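Numbering (the UniProt record's numbering), first residue to last: 1 to 169.
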């Protein structure tokens with residue numbers, strides 16, 4: 001694995017407290033390792049400062065996003081959006097991620113097709129202890145703008161589908 005010369009904020013479309021990964025430790029053509037520290041008072045923190053167990057999925061998804069960001073930067077492309085479609089399994093061996101816990105994150109690509117669909121095997125560890133693992137299904141479209149732009153009225157002047165229909169008296 002090679003070291004990552006880019007800060008995480010340049011690899012993900014997230015900003016501020018939404019970024020859960022501290023930094024990328026190393027990456028290659030199929031794998032990324034990173035660290036994440038559970039910080040009290042964060043955007044997703046519970047009142048006791050911990051993270052709920054399902055936030056492990058988001059940390060893993062951000063590792064996958066950081067891997068895609070490294071690939072893009074290395075090839076001179078812009079970092080694009082990607083989507084977490086779901087997981088076939090998520091095993092979490094803790095009731096919560098305690099405040100101050102330093103997590104080691106690993107994401108390894110097991111499948112990627114030309115259409116942008118991918119599968120990653122991910123795990124979270126604290127030292128030698130396996131805290132969580134998952135297989136993430138992801139999608140990285142060639143043109144993410146089709147997913148992020150507002151719908152336009154059609155040629156007949158109809159309102160976009162995202163607006164509720166007006167009531168008829």
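For glycine and all other residues, C-beta sits at the position ideal for the given N, C-alpha and C. From a predicted model like this one, the values you see are computed outputs, not experimental measurements.
Residues near residue i by beta carbon distance below 7 Å, same chain, minus five either side
| i | result |
| --- | --- |
| residue 144 | 80 and 81 |
| residue 85 | 137, 138 and 139 |
| residue 142 | 116 |
Whether residue i touches residue j by CB criterion (8 Å)
| i | j | result |
| --- | --- | --- |
| residue 70 | residue 132 | no |
| residue 1 | residue 27 | yes |
| residue 83 | residue 55 | no |
| residue 105 | residue 29 | no |
| residue 89 | residue 129 | no |
Whole-number beta carbon distance between residue j and residue i, since they are thought to touch under 8 Å
| i | j | result |
| --- | --- | --- |
| residue 87 | residue 136 | 5 Å |
Cβ-based neighbour list, residue i, same chain, cut-off 6 Å, excluding 5 preceding and 5 following
| i | result |
| --- | --- |
| residue 42 | 17 |
| residue 13 | 81 |
Cut-off 8 Å between Cβ atoms - residues of its own chain near residue i, not counting five sequence neighbours on either side
| i | result |
| --- | --- |
| residue 99 | 38, 39, 40, 45, 48, 49 and 50 |
| residue 15 | 9 |
| residue 173 | The requested residue 173 does not occur in the structure, where the chain is confined to residues 1 to 169. |
| residue 23 | 4, 7, 8, 34 and 35 |
Query raised in the report: What are the uninterrupted segments assigned as beta strand (DSSP E) that are 3 or more residues long and contained completely in the stretch 83-112, given in chain order?
Result: DSSP runs (the beta strand (DSSP E)) wholly in the stretch 83-112: 83-92 and 102-112.
Query raised in the report: Is it a yes or a no for the stretch 65-81 touching the stretch 121-136, going by three-plus beta-carbon pairs under 8 Å?
Result: Counting Cβ pairs under 8 Å, fewer than three are found: no touch.
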